[in-house]
Amino acid sequence: SRNRAVGESAAVTVVVLLAVGLAVALGRPVVRGLRRLREAAHRVAYEELPAAVARLDDHEALGGMSPEQFADAATPPVRVTGRDELAEVGAAFNAVHREVLRTAAGQALLRVSVGAMFVNLARRGQSLAGRLTAALDEAERDEQDPARLSRLFTVDHLGTLLGRINDGLLVLGGAAPAQVRTVDEPLSAVVTAAQGQIESYTRVS
């Protein structure tokens with residue numbers, strides 16, 4: 001009985017050790033795969049995707065590619081090998097990564113299109129405002145009636161405000177509203193220009 005008990009105990013111990021060894025042998029690749037997925041997720045979330053989105057702030061980063069082409073050109077963050085569950089999770093993560101890049105590229109192109117639309121509208125508005133101002137200046141020079149001249153000044157100021165709106169559209173479109181001056185200007189000219197940009201310009205002395 002003692003020998004049988006010792007043999008059975010030894011057999012149980014061997015079986016337990018084999019089970020533990022088998023579990024470690026099977027679990028180690030799973031743990032390594034999960035660790036790789038975790039590292040890839042952290043790298044993509046905190047490094048690669050923010051860098052890609054920041055790079056897309058410059059629309060020229062697309063290089064004429066469509067959003068799908070830009071997403072396909074990116075390197076998948078997880079190297080997928082095999083056909084087990086970990087490989088399926090890695091493939092799904094790569095698909096999510098590609099879709100995020102495609103969406104970011106699409107939004108970048110949309111911003112460019114909207115900006116170009118704003119710039120186009122502002123340029124056309126500037127052209128019309130310039131023609132209106134020129135016509136009003138000519139009418140003001142020939143006008144002798146003070147009442148009509150005052151009304152012309154009011155309309156002229158509305159044209160100035162219209163130009164200010166066009167400048168705002170240019171800024172929204174990503175263009176500069178005016179050329180930067182490289183020489184000093186008299187303070188009186190700056191104050192006069194600022195006075196012409198407000199509605200209650202007649203209250204400024």
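Residues in the sequence shown are numbered from 1 upward in steps of one, following this note's numbering. For glycine and all other residues, C-beta sits at the position ideal for the given N, C-alpha and C.
Query                                                                                                                                                                : Result
Would residue 91 and residue 100 be called neighbours here (beta carbons separated by less than 8 Å)?                                                                : no
Taking 8 Å as the cut-off, decide whether the C-beta atoms of residue 67 and residue 115 are in contact.                                                             : no
Indicate whether the contact test is met: 3 or more Cβ pairs, each with one atom in the region 169 to 177 and one in the region 113 to 131, closer than 8 Å.         : yes
For the structure I just gave you, are there three or more beta carbon pairs, one from the region 129 to 143 and one from the region 153 to 169, closer than 8 Å?    : yes
Rounded to whole angstroms, what's the CA-CA distance from residue 51 to residue 14? Just pull it up for me.                                                         : 54 Å
Using C-beta distances below 7 Å, list every residue in its chain close to residue 44, excluding the 5 sequence neighbours before and after it, in chain order.      : 77 and 97
Starting from residue 146, follow the alpha helix (DSSP H) in both directions and report where the run begins and ends.                                              : 146 to 172
Looking only at its chain, what residues have a beta carbon closer than 8 Å to the beta carbon of residue 73, apart from the 5 residues adjacent to it on each side? : 65
In terms of residue numbering, what span does the alpha helix (DSSP H) encompassing residue 188 cover?                                                               : 187 to 195
When the Cα atoms are used, what is the spatial distance from residue 57 to residue 108?                                                                             : 7 Å
Does the Cβ of residue 3 have 16 or more other Cβ atoms within 10 Å, making it buried, or fewer, making it exposed?                                                  : exposed
Using alpha carbons as the reference points, say which of 203, 184 and 89 lies closest to residue 38.                                                                : 89
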